[in-house]
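>
Printed below as a string of structure tokens:
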């Protein structure tokens, strides 16, 4: 099981990080010492907030949700979330209960089950970037970096670029040092050159910088992109 002790905190948040709305799902979650059922309600319902501190996360919001707009009305629920805030003018994020559940488990235990992390690490990386849960984000990077192959390295490089996951991107470059020639002949590379040429160029430049023996390959690939 991975824990927060395995990773360092990171101050980096990508451009996709914004304050977010409540999600409309049927999720209910109970974790260790917390007796309150945790639910995500639809946008527009009344909330108030307070904070408390967890050792591995720092400040966490306690959100009181009033479905009927009345603090004393039926259905008032307390929700515990990482301090990220709630605001989005155009709808809600699309995620399923498994990913939200894994993120909440991490928030209160500082860990994610290995089999869960292995199955949804990519989705959790995007979600933890969105909610600015930095220690979980770094944990996801570590997991994904440890399972790179020549068939998934470009897909994960795109994910790393979108989420500002520097450790994962560096691992992708190192993987290219092993499988670069095969990857550069793949359809995925051709697609990357077309759709995200800036990223293809960056990966090649980082490859040559960290592994000078690949300078010729950089020149060959650059000629192909012209």
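Numbering (my numbering), first residue to last: 1218 to 1443.
From the three backbone atoms N, C-alpha and C, an ideal C-beta is built for every residue, glycine too.
On the criterion of 16 or more Cβ atoms from any shown chain inside 10 Å, does residue 1265 qualify as buried, or is it exposed?
In this prediction, residue 1265 has a pLDDT of 48, which is less than 50 and means its spatial position is unreliable; nothing more can be read from the coordinates.
> At what residues does the alpha helix (DSSP H) containing residue 1428 begin and finish?
It is not in any alpha helix (DSSP H) - residue 1428 carries neither H nor E in the DSSP assignment.
> Is it buried or exposed for residue 1338, if we count other Cβ within 10 angstroms and need 16 for buried?
Buried: at least 16 other Cβ atoms inside 10 Å.
> For residue 1354, which residues in the same chain have their Cβ closer than 8 Å to its Cβ, ignoring the five residues on either side in sequence?
1227, 1342, 1345, 1346, 1380, 1382
> Give me the Cα-Cα distance between residue 1327 and residue 1377, rounded to the nearest whole angstrom.
23 Å
> On the CB-based measure, 16 or more other CB atoms within 10 Å of its CB, does residue 1358 come out buried or exposed?
buried
> Among the residues of its own chain, which have a CB less than 7 Å from the CB of residue 1399, if the five just before and after it don't count?
1367
> For residue 1348, count neighbouring C-beta atoms within 10 Å of its own C-beta (all shown protein chains included) and say buried if the count is 16 or more, exposed if not.
buried
> Looking at the structure shown, is residue 1390 part of a helix, part of a strand, or coil, going by DSSP?
helix
> Spatial neighbours of residue 1406 within its chain, please: C-beta separation below 8 Å, excluding the five flanking residues on both sides.
1371, 1400, 1417
> Do residue 1365 and residue 1388 have their CB atoms nearer than 7 Å?
yes
> Ordered along the chain, which non-local residues of its own chain (more than five positions away) have a Cβ less than 6 Å from that of residue 1362?
1385, 1388
> What is the DSSP secondary structure of residue 1311, reduced to helix, strand or coil?
For residue 1311, the predicted structure reports a pLDDT of 41, less than 50, and the residue's modelled location is therefore unreliable. A value from the coordinates is still provided. Coil at residue 1311, not helix or strand.
> Roughly how many whole angstroms lie between the Cα atoms of residue 1447 and residue 1369?
For the chain, the structure presents residues 1218 to 1443; residue 1447 sits outside this window and is missing.
> For residue 1428, which residues of its own chain have a beta-carbon under 6 Å away from its beta-carbon, when the five flanking residues on both sides are left out?
1394
> How big is the Cα-Cα spacing for residue 1390 and residue 1316?
28 Å
> Residues in the same chain with beta-carbon distance under 6 Å from residue 1360, minus the five sequence neighbours each way, listed in chain order, please.
1334, 1338
> In whole angstroms, what separates the C-alpha of residue 1412 from that of residue 1352?
Approximately 31 Å between the Cα atoms of the pair.
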